[in-house]
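Asker:
And the structure:
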């Protein structure tokens, strides 16, 4: 089994943190996104979406999409549970993970892809106006999240789940669009300090 | 329990088809999206994302996001299984559902939201260039999917899953951006005829 990875990219980091929380260690191979290795014939044959991360199983079966890779390991190694236990908790974790992806990770990522000269060969066409709109959406979601984290300890409830991993990776990735948490965001700061102190955050 | 629904919108349809496949019938309440009811104070208190569908449980607990609502029912009523059985199948269903959402449903929806005058009060700001780019992305994914459906009977494998529901709702929704399947797309046409003939497709 092998994980196709990229050290600084946020999606592979989600999987690395997830695996660290589970105590799972698997071989990793770095993909040179800057050198456009993801567009190569070899990589495209493995993942037609031309993105990392990619998990290749020993028999050559490929699983892509960060959450799909995480789910694979959750099913094989159920503890510690990170996707929710009963029907209600599972739905709440899924809901929060998706809210984060659609209204936060997505906008941060799109703001970066559409406004960074470094992404001109990876996002075609770049639409700067869309990047700007996404930056505004991301900033708005941060305010929403600050309020939500006044109601409970973690993103989806009172324990750490995959939704916290998505939120942490997104917030740390906000630097690329020059957004950051401010000291007035007391709830987010409290939460960010706590999740960043977990050993998995260094994965 | 009550489902806040909207007859013509694709996301609520995903949930309705899912429930029909499970043989579950729950009360539904129509939300007037055209009349901007989703932006009302009452609706926003229920779903701050201001979108349908929303599931409200008898104790007032709210679950939003189509897939989270489906997952709730999958956990309570495991048969027929629609999310995948073992670790590998679950990961493959998740992977395909996400590929569809990120590279197909997302672009179709964004093309509509950014180019339709009817969406001017719901998508602010509209960025027509982004809508156009998304229409191209959607068309490209259709070609990709046509090729993939030459390899197996359904989207994620050899049986019907939630990924087929996402694909069906997206393809039928393509009419709003004036894209449609063509007779040359033999694999997609074969699949679309089969899934459209299921009683659930009318839900």
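Protein chains in written order, with the numbering used here: chain V, 1 to 203; chain W, 204 to 406. Cβ coordinates follow ideal geometry from the N, Cα and C atoms, glycine included.
1. Look at the Cβ atom of residue 311 of chain W, then the Cβ atom of residue 368 of chain W, and state whether they are nearer than 7 Å.
2. I'd like to know if residue 328 of chain W contacts chain V, where contact means its C-beta is closer than 7 Å to some C-beta of that chain.
3. Restricting to Cα atoms, I'd like to know which of V:196, V:61, V:199, V:142 is closest to residue 185 of chain V.
4. Output yes if chain V places a C-beta closer than 7 Å to the C-beta of residue 274 of chain W; else output no.
5. Would residue 58 of chain V pass as a contact of residue 1 of chain V if the rule is Cβ separation under 7 Å?
6. Straight-line CA distance for residue 47 of chain V to residue 38 of chain V?
7. Here's the rule: buried if 16 or more other CB atoms are within 10 angstroms of the residue's CB, otherwise exposed. What is residue 232 of chain W?
8. Mind checking who residue 56 of chain V pairs with in its DSSP beta bridge?
9. Who are the neighbours of residue 144 of chain V on chain A, taking C-beta pairs under 7 Å?
10. Can you give the beta carbon distance from residue 359 of chain W to residue 296 of chain W, rounded, assuming they're within the 8 Å contact cut?
11. So residue 127 of chain V and residue 70 of chain V are supposed to be a Cβ contact under 8 Å. How far apart are they, rounded?
12. If you follow the alpha helix (DSSP H) that residue 99 of chain V is in, where does it begin and where does it stop?
13. So, is the C-beta of residue 63 of chain V closer than 7 Å to a C-beta in chain W?
14. Let's see if you can read the secondary structure: which residues bound the beta strand (DSSP E) around residue 233 of chain W?
15. On the three-state DSSP scale, how would you describe residue 108 of chain V?
16. Jot down the residue ranges of each uninterrupted beta strand (DSSP E) in the region 167-193 of chain V, minimum 3 residues, whole runs only, in chain order.
17. Got a sec: is the Cβ-Cβ distance from residue 336 of chain W to anything in chain V below 7 Å?
18. According to a CB-to-CB cut-off of less than 8 Å, which residues of the region 278-295 of chain W neighbour chain V?
19. Which of the three DSSP states, helix, strand or coil, is assigned to residue 77 of chain V?
20. Among V:114, V:117, V:56, V:13, which residue has its Cα nearest to the Cα of residue 200 of chain V?
21. Report the option in W:371, W:384, W:227 whose CA atom is closest to the CA atom of residue 276 of chain W.
22. Going by C-alpha to C-alpha distance, which of V:41, V:190, V:114, V:75 sits closest to residue 290 of chain W?
23. Put residue 50 of chain V into one of helix, strand or coil per three-state DSSP.
Answerer: According to the data block:
1. no
2. yes
3. V:142
4. yes
5. yes
6. 8 Å
7. exposed
8. V:2, V:62
9. Absent from the structure is chain A; the protein chains it does hold are V and W.
10. 5 Å
11. That belief does not hold up - the Cβ atoms of residue 127 of chain V and residue 70 of chain V are roughly 31 Å apart, past 8 Å.
12. 87-100
13. yes
14. 231-233
15. helix
16. none
17. yes
18. 278, 279, 289, 290, 291, 293, 294, 295
19. coil
20. V:13
21. W:227
22. V:75
23. coil
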